[in-house]
Ligand SMILES: [Zn+2]
């Protein structure tokens with residue numbers, strides 16, 4: 002399968018995952034509200050409220066973070082920079098993208114980041130747009146930056 006087609010397929014997977022996450026976030030909220038509505042007694046209320054807030058904020062945090070990763074990947078697909086390592090600018094192998102569709106670093110750069118050898122460029126700062134990264138035309142290979 003051409004890289005371009007594989008990325009198109011990944012885009013479908015990401016869109017599907019995004020929809021599921023948005024639904025899950027909305028569902029968590031209403032389920033937890035339901036829980037607190039049925040609770041009786043001050044002590045239970047208090048315990049439940051605390052647990053509820055904790056559960057919800059943890060869930061929401063994880064889901065929101067994944068959602069942000071997905072949005073970022075979709076944005077990169079739009080501008081044609083998806084699948085390129087943000088540190089060394091190589092094409093991230095398809096196998097890695099298929100395992101982790103919103104990977105922004107190749108395995109060796111990821112390892113360097115974990116070891117503190119290089120600092121992550123985009124991780125943790127989703128407001129930064131990747132168009133400051135120069136695109137090396139010779140490395141584009143069979144990747145078509147114009148697909149939508
Ligand atoms: Zn790299």
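Residue numbers (the working numbering): 2 to 149.
Cβ atoms here follow ideal geometry from the backbone N, Cα and C, with glycine treated the same way.
- Taken from the Cβ of residue 109, at least one heavy atom of ligand 1 lies inside 7 Å.
- Pairing residue 74 with residue 94 gives a Cβ-Cβ distance that is not under 8 Å.
- DSSP places residue 95 inside the alpha helix (DSSP H), whose first and last residues are 95-100.
- 64 is the residue among 64, 90, 106 whose C-alpha sits nearest the C-alpha of residue 26.
- Residue 85 is bridged by DSSP to 92.
- Residue state for residue 103 is assigned as coil, using DSSP reduced to three classes.
- The Cβ-Cβ distance between residue 106 and residue 88 falls below 8 Å.
- Excluding residues up to 5 positions away in sequence, 8, 74, 77 lie with their Cβ nearer than 7 Å to the Cβ of residue 83 in the same chain.
- In the structure shown, residue 61 adopts helical secondary structure according to DSSP, grouped into three states.
- For residue 109, the uninterrupted alpha helix (DSSP H) run begins and ends at 108-115, by DSSP.
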